[in-house]
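Colleague: Residue 737 in this note's numbering sits at position 529 of the first sequence, and the numbers go up by one each step. Glycine included, each C-beta is placed from N, C-alpha and C at the ideal position. None of these values were measured; they are calculated from a predicted model. Below: one structure in structure tokens.
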Amino acid sequence: MEYVLPNDDRLSLPDGATGADAAAAIGPGLARAALAVKVDGVTYDLARELPTDGERRIEIITERSGDDALALIRHDAAHVFAETMLELYPGVQIAIGPPIQNGFYYDLELPAGVSVGEEDLPAIEARMREHIAADERFVREDVPVAVALDRYRAEGQSYKVELIEDLVKNAPADAPLETVSLYRNGDFVDLCRGPHAPSTGRIRAFKLQSVAGAYWRGDSHNKMLTRVYGTAFFSAKDLDVHLERLELARRNDHRKLGRELGMFGFSETAPGSAFWFPAGTAVYNELVRLSREMGLTRGYTEVKTPQLFDSSLWKTSGHWDKYREEMFVTESEDRQLAIKPMNCPGHCQLYLMQAHSYRDLPIRYSEPGLLHRNEPSGTLHGLLRARHFAQDDAHIFCTEDQIQDEVAAVLRFAFETYGLFGLDLRLELSTRPDQRIGSDELWDRSELALENALASLGLEYTVNPGDGAFYGPKIDIHMTDSLGRSWQLGTCQLDYNFPERFDLTYTGADNAAHRPVMIHRALMGSYERFIGILLEHFGGQLPFWMAPLQALVLPISDRHNAYGESVRERLVAAGVRAELDDRSESVARKIREGELRKVPFMLIVGDREQQAGEVGVREHRGGDKGSVPIEDFLAMVHDLITSRSLT
RNA sequence: GCCGACGUAGCUCAGCUGGUAGAGCACUUCACUCGUAAUGAAGGGGUCCGGGGUUCGAAUCCCCGCGUCGGCUCCA
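What follows is the structure in structure tokens.
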């Protein structure tokens, strides 16, 4: 039997040869380094017989094979972890333990009254190291379903029993499941489809990182299990590099940066809601201004609608049935009222209050309205998940013929906005959810319209089936934070349902009433969340045009304070956010503190500058740039501001 | 909301097995008047998250709340 190697060489092996045999046939070094074998892109255990049908491409996986190799030992480490937990915590029930993006986890149910905290992890790690030092072999065994079930029932491992029963249930009718694979290392046997490295000794470095809760099968109706996260690498150095990267990301946490830069903070007096200091408010307002300016030239008009609405509005929109728990509700004079969690019903009401002709459409109402959503306490996360926020929100009322152009224009607008920040956006199309309003026919049309708009621009996107809003499908814009977590920022949602529910109409050319279509859109999403993402993206050093403090004037000594103040006044008059540091401190100290505040420019003024009418320019992290006339500096920053330059 | 951890000065944190609180930075005052990442000295500042309980005595132990962090679920 011949196999094709990655370099297109052919390797001849007898039938029944394994991946290990293949590696040995190529060379003794590779035989020692081999962890697994990839056959046509599917990873196999080294000990497994290679398929003998057709032409197969094989590739030996070693430590150098990148993520494929790491996933193997991380999965191995998960098994060693479960093995150790069974020893240290008798009665523990183990569920599942897969490799993930940067490591692995294992879910388990601890015996009643027992809990594991992060302080217990070192002891568990120590025991795990013994199993790794013992270099236990991973041995795969395919056993009849009944044997596996008996085994796990006898051991009281009910999650494993459930997993096997489901495998049986979900097997296709024409190919009923007869065997399941078990992997043994040492005395530990786990239900697992594999593959694994040859032995536990291949795990060179690992760490248990955190303890968390996770619902069995990801369903909140199920029991909550204990999940331990960990990671593994081929060297202590790689592990250290990874841990350092996590540490760096933590330094870029927007909550930490926001406090350090004096931008915003949080208080127990308003959980989930940011308090904005002047520095943060300046940044916030720059974004609102950007959104207004860009909207103005793209046909948007700004409106204002109330904060508090009678519950009848939310009943009409459907929020009352679906989201009442997440709304802040109050009452007055026997009326139930709710603070708005979104602007769209208010905009529908606004639309209803005037008569509309097809000549008016599309109408594009924008409103950075303050929204409140009573998010569950456990989900709050600084600015990224808040109870009080505003969006760069707009609602487009248009005819069905206008949908595709409007959606395409929204997406173009989004790309223009994100380009200003150097952000890459990731598009996701979310389709009809289980809980929804409106007929299937409407959903068919909505989903098709969005797909057409995406196709017309030739954009790449992924599909999230069932993830749409309850009133319509949507195209979401996603970004990733400093720790690799994905957040939704912008959205573009197509909606036939609200126009129905609110009975929105326009008069057509035929003088008859027609139903408009509504597009809900936000590009940055919530300003709060967007600022959080920007802070992490830029590591706190925002582009000049939106920096909280743009220039800091530093007199060399007290006798230069008056000149410094005159410089500051000229900057402020030119629209630059500037401060004067007139404390009786050394220049070195003022500079150090300015650098820590990440101020883009420090302007040092002493005798020389005072006499020449100049400023000594020092760029953040760029050092001394020499002295220039004030006019030159003003002209330069004017350009940075008007172009909204990234630097 | 669920699981786990945490909550001490404005910030970052120390405070061992219970004996009525400390450091650095920040702040105030004084001196210094300084040329590109910390001048020196003195001083002020704490219901130890809140409420109960155990104890002669609680920041420390127990219970209940609240908040925060890490996840899970959710996210119009």
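(1) At the level of alpha carbons, what is the spacing between Trp-651 and Gly-680?
(2) Measuring CA to CA, which of Leu-243, Arg-500, Arg-256 and Met-844 is closest to Asp-350?
(3) With Lys-445 as the anchor, note down where its alpha helix (DSSP H) starts and where it stops.
(4) Can you give, in chain order, each stretch of the beta strand (DSSP E) that sits fully within the segment 223-297 and has at least 3 residues?
(5) Nearest to Leu-578 by alpha carbon, out of Glu-736, Arg-453 and Ile-268?
(6) Give me, in chain order, the residues of the same chain whose beta-carbon lies closer than 6 Å to that of Arg-634; leave out the 5 immediate sequence neighbours on both sides.
(7) Under the three-state reduction of DSSP, which class applies to Met-471: helix, strand or coil?
(8) I need the DSSP call for Tyr-492, collapsed to helix, strand or coil.
(9) Rounded to a whole number of angstroms, what is the C-alpha to C-alpha distance between Gly-480 and Gly-698?
(10) Nearest to Ala-602 by alpha carbon, out of Asn-551, Thr-625, Ala-563 and Phe-621?
(11) Could you pull out every unbroken alpha helix (DSSP H) segment of at least 4 residues lying fully inside the segment 645-717, listed in chain order?
(12) Can you round the beta-carbon distance between Pro-570 and Cys-606 to whole angstroms, since I take them to be within the 8 Å contact cut?
(13) With a 10 Å radius around its C-beta and 16 neighbouring C-beta atoms as the bar for buried, classify Pro-380 as buried or exposed.
(14) Are Ala-244 and Ala-482 touching if we call contact CB-CB under 8 Å?
(15) Please confirm whether Tyr-559 and Ile-739 have their CB atoms less than 8 Å apart.
(16) Residues in its own chain within less than 6 Å of Phe-536 by CB, not counting five upstream and five downstream?
(17) My output table needs one value for His-466: the three-state DSSP class, helix, strand or coil.
(18) Using three-state DSSP, classify Arg-826 as helix, strand or coil.
(19) Where Leu-278 and Gln-701 are concerned, what is the direct C-alpha to C-alpha distance, given to the nearest angstrom?
(20) Thinking C-alpha only, which one of His-555, Leu-498 and Gly-692 is nearest Trp-522?
(21) On a Cα-Cα basis, can you pick out the residue from Asp-542, Gly-364 and Val-780 that is closest to Gln-301?
(22) So, Val-807 versus Ala-759, is the Cβ gap smaller than 8 Å?
(23) Rounding to the nearest angstrom, what Cα-Cα distance links Thr-434 and Glu-267 in this structure?
(24) Using the three-state DSSP reduction, which class does Tyr-508 fall into: helix, strand or coil?
(25) Let's test the definition: count the other Cβ atoms within 10 Å of the Cβ of Ile-308 and tell me whether it reaches 16, buried, or not, exposed.
(26) Looking at the secondary structure, which residues open and close the beta strand (DSSP E) in which Cys-400 lies?
(27) Checking the sheet assignment: what are the DSSP bridge partners for Leu-750?
(28) In angstroms, rounded to a whole number, what distance separates the CA positions of Leu-619 and Leu-662?
(29) If Val-212 and Tyr-314 are in contact, beta carbons under 8 Å, what's the gap, nearest whole angstrom?
(30) Kindly list the residues whose CB is nearer than 6 Å to the CB of Asp-446, restricted to its own chain and excluding five residues on each side of it in sequence; keep chain order.
(31) Is the segment 278-289 close to the segment 388-405, with three or more CB pairs under 8 Å?
(32) Could you have a look at Leu-628 and say whether DSSP puts it in helix, strand or coil?
(33) Between the alpha carbons of Arg-218 and Leu-238, how many angstroms are there, rounded?
(34) Kindly identify the DSSP beta-bridge partner or partners of His-589.
(35) Cβ atoms of Ala-730 and Leu-665: under 8 Å apart, would you say?
(36) Return the chain-ordered list of same chain residues with a C-beta closer than 6 Å to the C-beta of Leu-779, the five sequence neighbours on each side being excluded.
Modeller: Here's the rundown:
(1) 7 Å
(2) Arg-256
(3) Note, Lys-445: alpha helix (DSSP H), 444-459.
(4) As for any beta strand (DSSP E) of minimum length 3 sitting wholly inside the segment 223-297, the runs are 244-247, 250-252 and 264-269, ordered along the chain.
(5) Glu-736
(6) If we look at Arg-634 and ignore the five residues flanking it on each side, its Cβ neighbours are His-686.
(7) Taken through DSSP and simplified to helix, strand or coil, Met-471 comes out as coil.
(8) helix
(9) 21 Å
(10) The residue with the shortest Cα to Cα distance from Ala-602 is Asn-551.
(11) 648-665 and 705-709
(12) 4 Å
(13) exposed
(14) No. Outside cutoff.
(15) At least 8 Å separates the beta-carbon of Tyr-559 from that of Ile-739.
(16) Ile-547, His-580 and Asn-582
(17) One detail in the question is off: residue 466 reads as Gly in this sequence, not His. It is helical.
(18) Note: Arg-826 maps to strand in three-state DSSP.
(19) Those two C-alpha atoms are separated by around 39 Å.
(20) His-555
(21) Gly-364
(22) yes
(23) 37 Å
(24) coil
(25) exposed
(26) Premise fails: Cys-400 is in no beta strand (DSSP E) and is neither H nor E.
(27) DSSP lists no partner for Leu-750.
(28) Those two C-alpha atoms are separated by around 8 Å.
(29) With a Cβ gap of about 37 Å, Val-212 and Tyr-314 do not count as contacting.
(30) none
(31) yes
(32) helix
(33) 16 Å
(34) Leu-591 and Arg-593
(35) no
(36) Ala-759 and Ala-786
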